[in-house]
Amino acid sequence: MASLGGEALTVTHVEKKKKPPARYWEDPPQQAGNGDNNRGTDGEQAGRQTEQQTPKAKKRKENEDRGDGNKFLSGKADRFPGPAPIPEDRLQKFKRKEKMKKPRRQHYKLKDMIARSEENSEMSQIQAARLDLLLPEDAGFLEGDEGEDTCTISQEDIAESVDITSKTKYFDLKLSQFGPYRVDYSQTGRQVLLGGRRGHIACIDWQSKQLTCEINVMESVNDVKWLHSEAMYAVAQKKWLHIYDSNGIELHCIRKFNDVLRMQFLPYHFLLATASATSFLQYLDVSVGKEVAAICTKTGRLDVMCQNPQNAVIHLGHANGTVTLWTPNQKEALVKMLCHHGAVRSVAVDKTGTYMVTSGMDKKLKVFDIRTFKPLKSYFLPAGASCLSLSQRGLLSAATGDIVQVYRDVWSTPVTKPYMAHRVQKTVWGTHFCPFEDVLGVGHGDGFTSMLIPGAGEPNIDGLDANPFRSAKQRQEWEVKALLEKVQPELISLNPTELGMVDRAASEIKHQDRVKALGFDPLAKVKFVPKYKKKGRSSSGNIEKRKRQVGHEDQRDDIRKTAEDRVKIEKERRQKEKKEAVLSSQKSALDRFRK
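In short: position in the sequence shown from 1, add 119, done, that's our numbering.
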C-alpha cells in the first residue's frame, strides 16, 4: 500500500496465467497486435519467429514426406520401416487362384476389370495371412509313450486323462429297440440328429445333453439330414421325403421324391440332393420348395453318396465299381472313374476338394487325387470298410463290422496301422465327425456312441460362417444374409475357377451366329475402295497411288506390332540371362567335386 496526498491507493498485482508449452505437432502461437501503432512491430516479430522456426518445420516436413509414409510422433526413426513381412507359406495357405492371362491388344475394359479383381484378391490374401496370427488355437494329436501304439489306448483311458468338459463328450446312448441309427451333425456342431431304421427320430443338443424333440414316424427311415439351420431337417422315409421342424412337426411331404436312400445338403446353394432306389438323382431347392433337377443316372440302385464341399459336385458309387460325378445342370455324368473290381461300399471327399477316399467289396481302401483322377494310395483291409467319414483336419474313420478305426495322413504317407480304434456293441450303420470338435459320432445297432478323437476338429471357428455360440437373433440375421448370397445351381461346375475366366469358345459361337444372321462379318476389315474425284484426280495412276498409300499404312501398323513383340522378347531373354548369371556366380557345396 502507498500513501499519496492523504489518499490511499491500493495496487493490485495481476499475475498472468502461464500457458502450457507448445507441442512440436502444434503451430506456433501468433501474438495479437496492440493497436495500429504496433502492427508493423508485431509483423516483424512474427516474421523473425517464422524464420527461427523454419529449420524445425522443414525437418518435420521432411519426416512426413518420406517415401515410406511413416510419421514419427517421438521424433525417432523407425527401426523396422514398412509393413511387417509375411511368410510365404502363410500366403500360399490363403491363395485363391492363379493369375489370369490378360487379353492382348484390345479389350481395355476387360484388362482393367481383371487387374482390379487381382488387386482385390491379393489384398484379401495378405489381410487373411496377417489376421492368421490372431488365431491362437492349435490342433493337437494323441501321442503315446515310447513303444506304445495310440490305437491301443481306449476311450475310457482318454476320458480319465482329459478335463471335465471334454470328459462329458464321451458317452453312449442305449437305443437297441429302434436301431441301427444314421447320424448327422448340424453345421455349427451343436445339434446331432439320429434316425433309427425302425422309425425313431431324435434331435439332441449333445453338449448339454438336452433333448430337443423325439418322434416315431411309424415306418422305416433310410437317412436323415439337417438343412440350412437347426430349425429344419429332412427324413428319407420308406415311401416319400418328409421335412420336419425342430419341434417334430411335419412341415412338408414331398411325393416327387420317392424311395430315397441317401441325402446330401449343399449349404451355399440351399439344395437338398437325394439318391433313390429307382436310379434317380434329384435336387430340391429348400428356399422356395421347388425341384431344380431330376436326373436318371441309369446305373441301378443308388445307396452310396457324398458331396465335394469345395465345388458342390455329387459323387455316386455304383455296383459295377465305378464312381460318377454329377451336377444339376448336366444330364450326363461329368466323370466316370473305375475305382474297384467289386461294388463300391462308401465314398468320402475332404473339405479342400482334393482327395477322394473309396472302399469296395474287394476289401480295398483307395485314395484318389480328384485333380488328376488318378489313385495315390491303395490299402488292403482284411474285412473291408463300410462307412467312411473325413474330419476337418483330414482324419479318416472307417467302420468294419462293429469296429471303428481312425487313420491319419492316409494320402501323404503310407499307413500301416490305425491312429485310433474302438469297438461298439453292434454293427456300425453310420459315422460322422462333429464340426469344430474332436468328436466322432457313431450310429450302430445298439444306439449311438460319441467318441473322443484328438486332432479331428478345426480349432479356430469362423464366426461369420458357422458360429456354434450364436443366439437366436444372430441365427435369423445369418439366415437372411445366406439367402441373399445364395449361389445359383447353374454355377455348379467341376472347376469353380472357370467362373472368373472369359469363355472364348462361346464368344466365337456367338460371332458365327451373328455372321449367319446378318449375312456378312461385321468385324471383318472392309476393303478400301478409292473415292471418285473430279477434275482428273481419279485417273488410274492416282487411284493406284492412293491404294498403295493405304496399304503402306496397314503394313506400317503390322511392322510396329512385330517390333514391339521383338523388343519384349529380347527384354525377357536378357532378364533370363541375368538371372542365370547370378545363379552361376553363387557358390555351391558341390563345387568341391568339380575337377
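Note that CB positions come from ideal geometry on N, CA and C, so glycine has one too.
Just so you know, these numbers come straight off a predicted model, no measurement behind them.
Check	Outcome
Contained alpha helix (DSSP H) runs [length at least 4] in the segment 601-689, N- to C-terminal order	623-637
Which listed residue (P206, R209, S236, L210) has its alpha carbon closest to that of K218	S236
Collapsed DSSP secondary structure at Y498 in the structure displayed	strand
Beta-carbon separation (whole angstroms), S406 vs L602, contact threshold 8 angstroms	6 angstroms
Neighbourhood of N366 by C-beta, 7 angstroms cutoff - its chain only, sequence neighbours within 5 removed	C332
Buried or exposed (CB count within 10 angstroms, at least 16 for buried), Q489	The displayed chain sequence assigns Ile, not Gln, to residue 489. Buried, since its Cβ has 16 or more Cβ neighbours within 10 Å.
Status (buried if at least 16 other CB within 10 Å, exposed otherwise) for A636	exposed
Outcome for A353 when other beta-carbon atoms lying within 10 angstroms are tallied against a minimum of 16	buried
Validate contact between the segment 241-255 and the segment 533-545 using beta carbons, cut 8 angstroms, 3 pairs	no
Through-space distance from C458 to G582, alpha-carbon basis	38 angstroms
Residue range of the unbroken beta strand (DSSP E) whose run includes S526	Just to set this straight, residue 526 is Tyr in the shown sequence, not Ser. Segment 522-526, the beta strand (DSSP E) holding Y526.
Contact under 8 angstroms by Cβ, L294 with F567	yes
Distance between beta carbons of T269 and Y538, contact taken as under 8 angstroms	6 angstroms
Test item: CB-CB of V466 and C425 under 8 angstroms	yes
Spatial distance of H460 from D481 (CA atoms)	6 angstroms
Span of the beta strand (DSSP E) around D303	300-304
For H551 and D521, believed in contact at Cβ under 8 angstroms, the rounded distance	Rounded, the Cβ-Cβ distance is 17 angstroms, inconsistent with contact.
For D422, the three-state DSSP class (helix, strand or coil)	coil
Where A151 falls: helix, strand or coil (DSSP)	Per-residue confidence for A151 stands at a pLDDT of 45, beneath the threshold of 50, marking its modelled position as unreliable; no derived number is given.
Residues bridged to S508 (per DSSP)	S516
CB contact flag (A431, I611, <8 angstroms)	yes
Cα-Cα separation between W597 and R301, rounded to whole angstroms	28 angstroms
Backbone secondary structure at K232 - three-state DSSP	A quick correction: the sequence has Met, not Lys, at residue 232. M232 falls in the helix class under three-state DSSP.
Whole-Å CB distance - V311 paired with W325, under 8 angstroms assumed	5 angstroms
First through last residue of the beta strand (DSSP E) which encompasses S569	566-571
Buried versus exposed call for N439 [16 or more other C-beta atoms within 10 Å across all chains shown]	exposed
CA nearest to the CA of I414, picked from M570, G408, L435	L435
Simplified DSSP assignment, three categories, for R317	coil
Spatial neighbours of H371 in its chain, beta-carbon cut-off 6 angstroms, leaving aside the 5 residues before and after	I362
Backbone secondary structure at V432 - three-state DSSP	coil
Where S626 falls, given that 16 or more other Cβ within 10 Å makes a residue buried	exposed
Candidates G259, D404, K195: closest to E577 by CA position	G259
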